[in-house]
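Chains as they are written, first to last, in my numbering: chain A, 2 to 150; chain B, 2 to 150.
Ideal placement from N, C-alpha and C gives every residue a C-beta, glycine not left out.
What follows is a set of notes on a single structure, which appears directly below.
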DNA sequence: AGTTGTAATGAGACTGGTTCTCATTCTATC
DNA sequence: GATAGAATGAGAACCAGTCTCATTACAACT
């Protein structure tokens, strides 16, 4: 998923956001952010430690919690029970997901502006009735990917 | 969530659907289906065994897998990492969810017909580009519920 | 009613993904 | 350079969820 920020400034944005919470943008955390930034799709924990053998398991879990807590990454619940991670939409562009129930993979798709307008209006309506205060929304399409048909 | 079927016929529908797969609609399974049918919101596993102490843990997990496999119930991934269960939309009406990130609860909301038309069109578009074959879609609004503000 | 084959059940053992602990090392700040 | 708090990594611990296996229930035949 392409980031809003030019490549160079992503790290700066992340560092700033961590600093705000008295947290440090260390080696391990940067490896994880870089990996998510360069990935085409949300990444599972297993994929992550496989492609980042330098980052120990227990540290990786902690990094994910810290980064999620700081709003830098987002946790996605996939259909196979294993969470996936991606950069939060502050750092990328707003998008939705296709979830394959056969292989568990998650694909990114970018909605059209007109669709998002309709969705935003609808979300506002829904939410009014419940006194619910929305932070974000996600449209997930569940089905079978091209490889799994 | 109100069911499409009148109360009496829900059991018959479920039984039929299980029969089709050579499965039986037994006591424990009926307890679970009845509980989901009478619940206002998707139910976590913990809630379930608490309110159904007659159903042993290992059996309850198995019932859920069987019922999910038969398309009678649906598993929802909530923000706290614990799955929730609800009757599938064949047995209820199509609806979406509000997920509270503070308390983890999930609320049901029914979208307007016009919104669903837009959504269906959009899903079709998205999916065309990927050769993805959709089974269902879900619009989740993440935020804070009235109690948690 | 009896037999047979298959599904269902429940207690408890087991698994493995995730979290926790703790001693150590880093890093920003004074 | 001293200090305090954050970060790290190895391994222990935890626990939700799954599996096993011996037993029981059920449906479909004769």
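Thinking just about the alpha-carbon of each residue, which of the options is nearest to the one in residue i?
i	options	result
residue 21/B	138/B, 37/B and 72/B	72/B
residue 108/B	142/B, 69/B and 23/B	142/B
residue 87/A	51/A, 34/A, 52/A and 111/A	34/A
residue 1/B	55/B, 29/B, 129/B and 118/B	No information on residue 1/B is available, as it lies outside the stretch 2 to 150 that chain B covers here.
residue 114/B	96/B, 131/B, 130/B and 100/B	96/B
residue 90/A	133/A, 53/A, 116/A and 38/A	38/A
residue 147/A	105/B, 133/B, 4/B and 118/B	133/B
residue 101/B	42/B, 50/B and 58/B	42/B
residue 188/A	15/A, 85/A and 18/A	Past the boundaries of the shown model lies residue 188/A; chain A is included only from 2 to 150, so the question cannot be answered.
residue 135/B	136/A, 16/A and 140/A	140/A
Could you name the residues of the same chain whose beta carbon sits closer than 6 Å to that of residue i, not counting the 5 residues immediately before and after it, in chain order?
i	result
residue 103/A	145 and 149
residue 83/B	45
residue 138/A	124
Check for me: the beta strand (DSSP E) holding residue i runs from which residue to which?
i	result
residue 148/B	Neither: residue 148/B is in no beta strand (DSSP E) and is coded neither H nor E.
residue 76/B	74 to 78
For the alpha helix (DSSP H) that contains residue i, what are its first and last residues?
i	result
residue 85/A	No alpha helix (DSSP H) contains residue 85/A, which is instead part of the beta strand (DSSP E) from 84 to 88.
Excluding five sequence neighbours on each side, which residues of the same chain lie with their C-beta closer than 7 Å to the C-beta of residue i?
i	result
residue 24/A	67 and 71
residue 58/A	50
residue 18/B	71, 72 and 73
Using C-beta distances below 8 Å, list every residue in its chain close to residue i, excluding the 5 sequence neighbours before and after it, in chain order.
i	result
residue 32/B	53, 55 and 56
residue 119/B	none
residue 117/B	95
message = Report the start-end ranges of each beta strand (DSSP E) in the segment 24 to 64 of chain B that is 3 residues or longer and not cut off at the edges.
response = none
ask   = Is the segment 117 to 132 of chain A close to the segment 72 to 82 of chain A, with three or more CB pairs under 8 Å?
value = no
query = Could you give the uninterrupted runs of the beta strand (DSSP E) lying entirely in the segment 100 to 143 of chain B, keeping only those of 3 residues or more?
reply = 107 to 110
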